[in-house]
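See structure below.
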Amino acid sequence: MNDHLKAFTDADFANRVDDRKSIAVYLTQFCGSTISWASQTERTVALHTTEAEYMALSLLVQEVIHLRQMLKELKVKQNDPSDVFMDNESARKLANNPEFHSRTKYIDVRHHFVRERVELNEIKVKRVAGTENMADAFTKPLPRVKLEQHRASMGLISQGQYEATKNSCNVDNQ
Numbered sequence: 085m086n087d088h089l090k091a092f093t094d095a096d097f098a099n100r101v102d103d104r105k106s107i108a109v110y111l112t113q114f115c116g117s118t119i120s121w122a123s124q125t126e127r128t129v130a131l132h133t134t135e136a137e138y139m140a141l142s143l144l145v146q147e148v149i150h151l152r153q154m155l156k157e158l159k160v161k162q163n164d165p166s167d168v169f170m171d172n173e174s175a176r177k178l179a180n181n182p183e184f185h186s187r188t189k190y191i192d193v194r195h196h197f198v199r200e201r202v203e204l205n206e207i208k209v210k211r212v213a214g215t216e217n218m219a220d221a222f223t224k225p226l227p228r229v230k231l232e233q234h235r236a237s238m239g240l241i242s243q244g245q246y247e248a249t250k251n252s253c254n255v256d257n258q
């Protein structure tokens, strides 16, 4: 059983027509079950996809640090760094390589605590193929098969599955 925290993040670059802010999304899993997720408009306008993805990563890392602290308080050891998956290679390199910053000085310093958490071995930022990134389900319309695949990976059930379970468990509809 995978008993450590893992997480997925994505950003929908400049999606909002009125202000061109990007949408940041993430989801976290523990022992294979989704335990938190969020979708929110980023506070500032990103100039590049890398910046939008890095800001989404920053939001996710805040959640991961909070969850690791909560697990610690519950006496659940997290000996290994939490795996954080993203499909943007440039943002991943920015998080993992302090020397990569020469072309990305425009990214606000407040987001660079991600790199600090990598150096502290609390998180490990890894690549996931865009087609396998569960966070994609929150950023764009997907083909039905892919959406159902992501939903199953998240441990979420459809309304039909819920109805079948509810009926088989003899749950009252009040």
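No gaps in the numbering here: position 2 of the sequence shown is 86 in our numbering, and each next residue is one more.
The beta carbon of each residue, even a glycine, is placed where N, CA and C say it ideally should be.
### Query
Span of the beta strand (DSSP E) holding R211?
I207 to R211
### Message
Ignoring anything shorter than 3 residues, give me the beta strand (DSSP E) runs that lie fully in the region 128-174, in order along the chain.
### Response
166-170
### Query
Which one or two residues does DSSP pair with K90 in a beta bridge?
Q113 and D167
#### Entry: Limits of the unbroken alpha helix (DSSP H) element including V101
Neither: V101 is in no alpha helix (DSSP H) and is coded neither H nor E.
### Query
When burial is assigned at 16 or more other CB atoms within 10 Å of the CB, is M170 buried or exposed?
buried
### Message
By the three-class DSSP mapping on this structure, what secondary structure does S123 have?
### Response
strand
### Message
Since W67 and Y110 should fall inside the 8 angstroms C-beta cutoff, what is the C-beta to C-beta distance between them, to a whole number of angstroms?
### Response
Because the chain is modelled from 85 through 258, residue 67 falls outside the range shown and cannot be assessed.
### Message
With H, G and I counted as helix, E and B as strand and the rest as coil, what does DSSP make of T223?
### Response
coil
### Task
Output the distance between the C-alpha atoms of A214 and F114, rounded to the nearest integer angstrom.
The question names Ala, but residue 214 in the sequence shown is Gly. One C-alpha to the other measures close to 21 angstroms.
### Query
Is the CB-CB distance between A219 and V198 below 8 angstroms?
no
#### Entry: Selection from A175, H88 and Y246 that minimises the alpha carbon distance to A130
A175
### Query
Once you ignore the five residues that flank K224 on each side, which residues in its own chain have a CB closer than 8 angstroms to its CB?
D96
### Message
If the criterion is Cβ atoms closer than 8 angstroms, does the pair I119 and R201 meet it?
### Response
no
### Message
Let me check one thing: in DSSP terms, what residues is A108 bridge-paired to?
### Response
A95 and Q124
### Message
Considering just the uninterrupted stretch of the alpha helix (DSSP H) at L231, what are its terminal residues?
### Response
R228 to M238
### Message
Judging by CA-CA distance, which residue of L231, K161, E135 and L141 is the nearest neighbour of S123?
### Response
L141
### Task
Output the boundary residues of the alpha helix (DSSP H) element that contains E216.
Neither: E216 is in no alpha helix (DSSP H) and is coded neither H nor E.
### Message
Bridge partners for T118 per DSSP, in chain order?
### Response
Q113
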